[in-house]
Structure formats: structure tokens, C-alpha cells
Amino acid sequence: MKASISLAIASIATVLLSSVSYAAPVDSAAASGQTAVILSATDYCIFLPPKYGGDIAASEDVAVAFCTKPNLPGAPNARVLPAGFIASSHYVVNSQKGYVQITGRIDRSKYGLSENDGGGQYDLRAPVGSKMTGYNAFVQLTEPDEQIFCIRACKNKSDCPVNKSTYGCEKVLGGDYS
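Just so you know, the sequence shown maps onto residues -23 to -1, 1 to 155 in mature numbering (1 follows the signal peptide of the UniProt record, and there is no 0).
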């Protein structure tokens, strides 16, 4: 009798375990809103602190993507930039090198950024787990004190200089900041 009960329990356990399905792995960057995209001069994302008024450098590990429009393809769970935050932007495509770049001015008051915030850099290493859809690398600098920003997405990592975080947008990426 004990043998038949043990056999029945083993059979039930086998059926139950074999019917368990495993979920596909979750893309943590997508789930956390840390995937950005640059599609055009008007459809793009940049990274910012997750909380209104946050410090750029202090938020480097936890920044999230904010886009010019809701639900941009390639930027799952990204937030929408506050109205008026981007004061101007200039879009450049370098087809030969395989990168796109946006430079411009911000109105720091629209997201409560401090005029004393010297800014910082976001790239593949920080925010942790971040991605740029369609590109192998990116670099972004945001300087609330100067009210400028720059972002470049690159096919080749060497075209996205990430070793100059204290140099500022104008020296790292050049571009138009009018």
C-alpha cells in the first residue's frame, strides 16, 4: 500500500513539474525605461534623473529615458519630456561614420534642475543597463548650469567618446548650441 501511494505521489509530481512553463527572460533596460532611441530631429529620447529636480551626476546610475513624444518605437517604458524642456535642438547624421547626434539648449526650470548643477555624462555604463536602440554605443552630456545638452548614438563605440565626462558638450561632441 505504501509503495502504491508513493508511486501515485511521484506520478502526480512528475505531471505537475512537467506542465510548469517558464517565462522568457525580461529585458531589464526595457522594463525600467532605460532604453532610448533617436529616430529623427523631432523624435528622440535623452536620459534624465528619475525624479523631478534630481542632480544629473548623482543620478548617473539610475537615470531614465525621456522622449519628445509618448510611445516612441524602440523606447519601451520611456517617459515624456516636460513641455518646454528642450528649448532648441540640432540634428546631425554622419552616414560615413554611422552616428546621429543632437545638440541644443534646455530650460532647466521645466524639470526643476538646479542652476548650480554642473551636469554629467550618461553612456552604456551609466545608467546601469541602459541601451540606445539601433546603436552599439551612446554618449550624452547634460549641463543644467549652462542649459545645454548633447547626445550621440554610434554604430562604432570609438565615435562616442566616453572618457571626457568633465569636458562638457562643446568640447566632447561639438555642434550647434544656439
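Backbone N, C-alpha and C define an ideal beta-carbon position, used for all residues, glycine too.
Residue i and residue j closer than 8 Å at C-beta
i	j	result
residue 154	residue 80	yes
residue 117	residue 88	no
residue 17	residue 26	no
residue 24	residue 104	yes
residue 34	residue 42	no
residue 67	residue 152	yes
residue 84	residue 55	no
residue 196	residue 121	The question about residue 196 has no answer, for the chain in this structure spans -23 to 155.
residue 38	residue 94	no
One or two residues paired with residue i in a DSSP bridge
i	result
residue 78	69, 129
residue 56	43
Burial state of residue i, where buried means 16 or more other Cβ atoms lie within 10 Å
i	result
residue 119	buried
residue 148	exposed
residue 127	buried
residue 10	buried
residue 73	exposed
residue 96	buried
For residue i, the nearest candidate out of the options (CA to CA)
i	options	result
residue 134	13, 76, 110	76
residue 86	20, 15, 124, 136	124
residue 12	141, 150, 113	113
residue 47	39, 57, 38	57
residue 61	69, 82, 115	82
residue 130	107, 122, 28, 143	107
residue 19	109, 92, 150, 49	49
residue 22	92, 110, 29, 30	110
residue 71	141, 136, 140	136
residue 15	59, 30, 69	69
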